[in-house]
Every structure is written in C-alpha cells, then in structure tokens.
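A.B. asks:
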Amino acid sequence: MDVGVSVFAFFLGGIPLKSMQRIGPHNKDVLCVIFGSLLGDAYAEKRANSTRICFQPESSHVGYLYWLHKFFAERGYCNPNKPKLSRRIVKNGKVRFVLRFKTWSFQSLNWMHAIFYENNTKKVPSLDLLETYLTSQAMAIWIMDEGTSSGKGLTLATHSFNLEDLLFLQTFFQEKYHWKVGIHKSGYENQYVIYVYAESMHTLAKAVKPYMVESMYYKLGSNGSSL
Numbered sequence: 001m002d003v004g005v006s007v008f009a010f011f012l013g014g015i016p017l018k019s020m021q022r023i024g025p026h027n028k029d030v031l032c033v034i035f036g037s038l039l040g041d042a043y044a045e046k047r048a049n050s051t052r053i054c055f056q057p058e059s060s061h062v063g064y065l066y067w068l069h070k071f072f073a074e075r076g077y078c079n080p081n082k083p084k085l086s087r088r089i090v091k092n093g094k095v096r097f098v099l100r101f102k103t104w105s106f107q108s109l110n111w112m113h114a115i116f117y118e119n120n121t122k123k124v125p126s127l128d129l130l131e132t133y134l135t136s137q138a139m140a141i142w143i144m145d146e147g148t149s150s151g152k153g154l155t156l157a158t159h160s161f162n163l164e165d166l167l168f169l170q171t172f173f174q175e176k177y178h179w180k181v182g183i184h185k186s187g188y189e190n191q192y193v194i195y196v197y198a199e200s201m202h203t204l205a206k207a208v209k210p211y212m213v214e215s216m217y218y219k220l221g222s223n224g225s226s227l
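Residue numbers are given in UniProt numbering: position 33 of the sequence shown equals residue 33, and the series is strictly consecutive.
1) The alpha helix (DSSP H) that contains Phe116, what's its start and end?
2) Just to confirm the assignment, what range does the beta strand (DSSP E) spanning Thr148 have?
3) Quick one: what does DSSP say Ser215 is sitting in, helix, strand or coil?
4) Going by C-alpha distance, which of Tyr177, Leu127 and Tyr197 is nearest Ser149?
5) Verify whether the separation of the beta carbon atoms of Asp29 and Gln137 is less than 8 Å.
6) When the Cβ atoms of the region 67–80 are set against those of the region 168–183, are three or more pairs found closer than 8 Å?
7) For Pro210, does the count of other Cβ atoms within 10 angstroms reach 16, so buried, or fall short, so exposed?
8) By DSSP, does His184 sit in helix, in strand, or in coil?
9) With C-beta atoms as the reference, is Trp104 less than 8 Å away from Leu39?
10) CB-CB under 8 Å to Thr121, same chain, minus the five flanking residues each way: which ones, in chain order?
11) Could you tell me whether the Cβ atoms of Leu109 and Phe35 are closer together than 8 Å?
12) Looking only at C-alpha atoms, which of Lys219, Leu127 and His113 sits nearest to Ala48?
13) Please name the residue or residues paired with Cys32 in a DSSP beta bridge.
14) Is Leu166 a contact residue of the ligand FAD, with contact defined as CB to any heavy atom under 7 Å?
15) Measure the Cβ-Cβ separation of Leu156 and Val124 and say whether it is below 8 Å.
16) Sorted by chain position, which residues of the same chain lie with C-beta nearer than 8 Å to Ser215's C-beta, five sequence neighbours on each side aside?
17) Out of His202, Val98, Lys94 and Gly93, point me to the one whose CA is closest to Ser86's CA.
18) Which same chain residues end up closer than 8 Å to Val95 when comparing Cβ atoms and leaving out the 5 residues on each side of it in sequence?
19) Taking DSSP as the reference, what is the three-state secondary structure of Ser37?
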C-alpha cells in the first residue's frame, strides 16, 4: 500500500471523485499519519460503503493544527480551504485551540476502520499492523496529538483503549524499541495512560523529532532541545 499516488488521483476535472472511485493506492506516509492520529483523538467514520477519517486535534500551538490539515490537503485527501479554528478556555485560564476537519470518503480506507473498531469501540490493531504502521512518523503524530511532558518522561493519553490494549502496547514498545514503558491510572475510573520513563526518552526523541513540528518539541522535555 505504499505505492505513490498523485494529488489529482481523487479528482476529475477539479471535482472530487465518488468514494467508490477513490481506490488508492495510498502512500505509506499518509497511512502512517492516519494510523498515529487514530491512536489519538481522530476517529474513522463509516459512511455506507466507505470510510472517512475525522480529525479534531487540540493544542495551545496552532502551528501543528494547520500543519496536519495542510498535510492532507496538499495530497488531495480533504477540502483545501483552511478549517475554522475554535478555542476554549481550560484550567488556569489557559487557551486551547481546536481544528476540526474530515477527509473525503474512501472505500479503500474501509480496512482502516475495521482494524481500529470492534462493535463501534476503539481497539488497538494487531501486532503485524503495529509493526508496519506504527513507525517513527506515526509515533510523532501520536505524541503531538496526545503526548504530555511529565517529569522527565512522557505521558500518552490513551483513554480510548482498555487496559488489555495498553498492556499489549506496553509489550510492543518494550520488545520492539526496548523502551521502558509503564501503565498508570489516569485519575478516572477504569482509564489509564501510557508513561515512557526518563531513561527511554533520548531514544524515543531521536526517533520521532525529525517528524515533529518544531513548536511541539517541548513535549519531548529536555530532549526536545538537546538533539
């Protein structure tokens, strides 16, 4: 699925093709960004015989929000017009910005919905899919979306997944990347977060920083400025 695709492959005479005509193939970088986003706040929406990916990134830094939209718009995956930026006030009067947009619908993305959902509940995809699509680029997207610098480590908000899924991810990270990763209670009943310990942050940051927007380096703590 990593065969190149033209920006114009989903259009005919400047008009978006119908979902059944948008058959791909999709570049692997596109699939990895979708994969990392779905591990975060994004969701896959099934529409009749096709699927679209819905993004709702939230940050105090608007650069990442517009970068994400531009990534898909330049590749012909969504409306190129800049979506409206909304904002909300959170604790301590801090301002958070939200940018919502959706891709066009694709029959060729139905498999992405299938691997992330079971009975309309989000799940972590299988090991072979993690091996293929949870790349450094996908990990960078997940961190920019849901990562928080915490102490000398990194917390990933993973409230959409159950404890079994998180233990599976913990094993994956430890065996594939040799990162020291813990599962911590989030403060809400039956909700947990992934925590990457300080001793693994240098290796993690070295892998993901090349794919991150500069304004989001702070999420890597001291490693964001030292590499």
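Think of the CB as a built atom: it goes at the ideal place given N, C-alpha and C, for glycine as much as any other residue.
C.D. replies: Taking the coordinates as given:
1) Asn110 to Phe116
2) Gly147 to Ser150
3) helix
4) Tyr197
5) yes
6) no
7) exposed
8) strand
9) no
10) none
11) no
12) His113
13) In DSSP, Cys32 forms no bridge with anything.
14) This structure lacks the ligand FAD; in fact it carries no ligand of any kind.
15) no
16) His61, Gly63 and Tyr64
17) Val98
18) Ser60, Arg87, Arg88 and Ile89
19) helix
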